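Before any comments, here is the structure.
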Amino acid sequence: MAGKILTIFFFITTSIFFFATLYHLYLRDSISSVTSSSIDNNYLRLSDPPPSPPPPPPKITTITISSPPPPPKITTITISSPSPPPKIAITISSKKSDNLVIHENISSPITPFQISPLRGQISSVSILMPDWESFVIVSPDYTHVISHHDPYICLYGTGEISPAFPAGELHFPVRSIFKCEFPKRARRRLPFKPPILMKSTENRNVSMISTMPELLRWTFLVYDSLTTDEDIVLFVKGVNNRQGINREPNEFNCIFGYEGNKVIRTNVTSSIQEVFRCNRPDPTVMEGEGVSISLEILLPVPMVVPSVAYYNAPRKLATNKKSEKARLCACTMVYNVGKFLKEWVLYHSKIGVEKFVLYDNASDDDLDKVVDELVHDGYEVKTYFWVWPKTQEAGFSHSTIYAKDSCSWMMYIDVDEFVYSPLWANLSRPSESLLHSLLPNPKNIQDPLLDKRQVGEISIPCYEFGPSNMNSHPITGVTQGYNCRRKFENRHKSIVFLDAVHHSLLNMIHHFILNKRYRGKKMSVHDMAVNHYKFQAWPEFKAKFRRRVSAYVIDWTKELNPRSKDRTPGLGFSPVEPKGWPLKFCEVYDNGLKDLTRRWFALKSPTPLHDYRMQWQR
423 MAGKILTIFF FITTSIFFFA TLYHLYLRDS ISSVTSSSID NNYLRLSDPP PSPPPPPPKI
483 TTITISSPPP PPKITTITIS SPSPPPKIAI TISSKKSDNL VIHENISSPI TPFQISPLRG
543 QISSVSILMP DWESFVIVSP DYTHVISHHD PYICLYGTGE ISPAFPAGEL HFPVRSIFKC
603 EFPKRARRRL PFKPPILMKS TENRNVSMIS TMPELLRWTF LVYDSLTTDE DIVLFVKGVN
663 NRQGINREPN EFNCIFGYEG NKVIRTNVTS SIQEVFRCNR PDPTVMEGEG VSISLEILLP
723 VPMVVPSVAY YNAPRKLATN KKSEKARLCA CTMVYNVGKF LKEWVLYHSK IGVEKFVLYD
783 NASDDDLDKV VDELVHDGYE VKTYFWVWPK TQEAGFSHST IYAKDSCSWM MYIDVDEFVY
843 SPLWANLSRP SESLLHSLLP NPKNIQDPLL DKRQVGEISI PCYEFGPSNM NSHPITGVTQ
903 GYNCRRKFEN RHKSIVFLDA VHHSLLNMIH HFILNKRYRG KKMSVHDMAV NHYKFQAWPE
963 FKAKFRRRVS AYVIDWTKEL NPRSKDRTPG LGFSPVEPKG WPLKFCEVYD NGLKDLTRRW
1023 FALKSPTPLH DYRMQWQR
């Protein structure tokens, strides 16, 4: 009898422990699942089409938007219900844990979204980025007190700290950025609170964190703005979330906020992807620069998108020389490409590219040093600090305005892509006219036999090269190291006439929508191709797992859309080298560009171990 009792007792105890463990794991996973992807799907659900309008709208007294308890569900909205409202002005409050609280206040206009510093605190705005990383953007008024000789930390509400690493500066106005890891314990405490940026030697007090507003999410943010001579362009994450599905411009206003409860609204004229264009305020009303700017959503629920953008005077790409407008430039988005950049710049500059515009996606290698060396050697290379992840389309849209006064045509290719023509095979030396000969003559740009419209974009097909039995980065460069490719071309890259780009700035990474009086022209692969050294030696290719720069391309770690052309055939969802990787994607040996670049750029090797060295080797 006693044995049976002990057996039953042991069974009950074990069962309780087992189910308690399961519940704990479920709770932990539910909370930890609030990553950038889950936030993108659940935070405010702005990608969903607005519901049908109800009968006469109720008077909105208070709407509270906050992060729900785990697991995340739908934003909670509280509405009281008497008579239809007059025109509503909106104020943003940052009290307690609410990220945005919107109140009806007919007499008071919008006040800008800001976080006031507490005593002893560096004024800043923090954003939760992908991979549990916090970006801490120091206020323009405090950036000058930041010392790069002192170590800084991020202090979280759980008492945990993480090192704060300098990550560059945003401009217009200048603001320092720090990156901090979001601690694991803090990930389990909702709502997420921003860290306090402080010197590591200062006293730590976490009590003030509980009074701070909720941490901003990267998935819902106005992150940059650009002023043109006619209007203002906002770059906004989290409103038009789905490719090809864009909300109507009349659902928004641009708002310009001042301290002292002064605000200006203007109409939005275009809403495409992450790009919103709106009218400029009356210059007689707009006082100075450095004014916060954001996007006001009118439907279905009024709210203001959090913003780290400012209104400034029109700014344009600066040039190293007092020269005429370049006929051909090249633009690309880069991340840790220091080891590849010289080869790419030297090659393309010799065949006709006059200026290079790099959108730096928060590189932490020696990119700046390499750019300085190129500039010192006489190459015109400009870097625009573009820290925002998965915004390649928006960055290219930005470049069409930013570089328009400095460049007539812009070539959009990546640093692992090289334009090449089989027709150049017998040339003894390169010439700047090789690419310029592709561009229509500006005095006679029409081809009456084909189309009365002007050529505004030239599309060049791509060949994708494989690892070519390489196990590490070739010291002589990618054009020398990789010579085996897939048989058929895949996709294309473009050279775009910037004046031909449509007002919406709509693009599909390397292809733009043009104004009606312009047309595209497709090159034959027999006349011109882009050698895309896409599948490189495994250590180099593995680095791509961390970043996919396109806003609409699924990350390789997510088990979605497995048949997409953006996926690597035979590669799973984790950065594990597939069997036989060095010989994959090898269907045709192609030594055309390898032989050509060796003829053009090879130098006698100073060591007996190698027959030659290339001009771009360090």
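Numbering (the working numbering), first residue to last: 423 to 1040.
C-beta: ideal position from N, C-alpha, C; glycine also.
This structure is a prediction, so every number in the text was calculated from the model and none was measured.
Alpha carbon of residue i to alpha carbon of residue j, nearest angstrom
i	j	result
D790	T901	23 Å
G760	D787	7 Å
V685	D653	18 Å
I575	I583	6 Å
H858	V809	32 Å
T435	R610	28 Å
S926	R699	8 Å
R939	Q876	6 Å
K1026	V792	23 Å
K621	V644	28 Å
N689	V726	14 Å
L856	V775	10 Å
I618	I544	8 Å
E795	K764	9 Å
N937	D921	9 Å
S828	S821	11 Å
A1024	V730	48 Å
V947	F840	14 Å
G942	G888	30 Å
P573	A586	8 Å
Y806	F594	12 Å
A973	E815	A caution first: A973 carries a pLDDT of 48, below 50, which makes its placement in the model unreliable, though a value can still be read off. The alpha-carbon atoms of A973 and E815 are separated by roughly 7 Å.
S632	A608	13 Å
Identified DSSP bridge partners for residue i
i	result
Y1034	K1026
A735	Answer is none; A735 lacks a bridge partner.
P373	A question about residue 373 goes unanswered here, because the residues of the chain that appear run from 423 up to 1040.
P852	Partner(s): none; P852 has no beta bridge.
Y842	A951
Y781	M755, Y806
C1008	Note: C1008 sits in no beta bridge, so no partner.
S716	I677
S546	V560
R699	V655, S692
A748	C829
Status (buried if at least 16 other CB within 10 Å, exposed otherwise) for residue i
i	result
D836	buried
A847	exposed
L428	exposed
V567	exposed
P605	buried
D651	exposed
S474	Low per-residue confidence applies at S474: pLDDT is 41, beneath 50, and the placement is therefore not dependable, though the value from the model is reported in the following sentence. By the 10 Å Cβ count, S474 comes out exposed.
G666	exposed
V596	exposed
K909	exposed
N1013	exposed
E1041	One cannot answer for residue 1041 here, as it falls past the ends of the chain, which runs 423 to 1040.
P824	The residue asked about is misnamed: residue 824 is Tyr in this sequence, not Pro. So Y824 ends up on the buried side.
P588	exposed
S437	exposed
T813	buried
I719	buried
E1009	exposed
Y904	buried
Distance between beta carbons of residue j and residue i, contact taken as under 8 Å
i	j	result
D949	L845	7 Å
K659	E696	6 Å
S548	S561	Going by Cβ atoms, the distance from S548 to S561 rounds to 12 Å, so no, they are not a contact pair.
Y834	V767	15 Å between Cβ atoms; not a contact.
P671	S692	6 Å
L750	W640	Not a contact, Cβ separation roughly 35 Å.
S894	P1004	With a Cβ gap of about 10 Å, S894 and P1004 do not count as contacting.
V713	Y733	4 Å
At least 3 beta-carbon pairs within less than 8 Å: the segment 949–965 vs the segment 883–903
Between the segment 949–965 and the segment 883–903, the count of Cβ pairs shorter than 8 Å is three or higher; the stretches touch.
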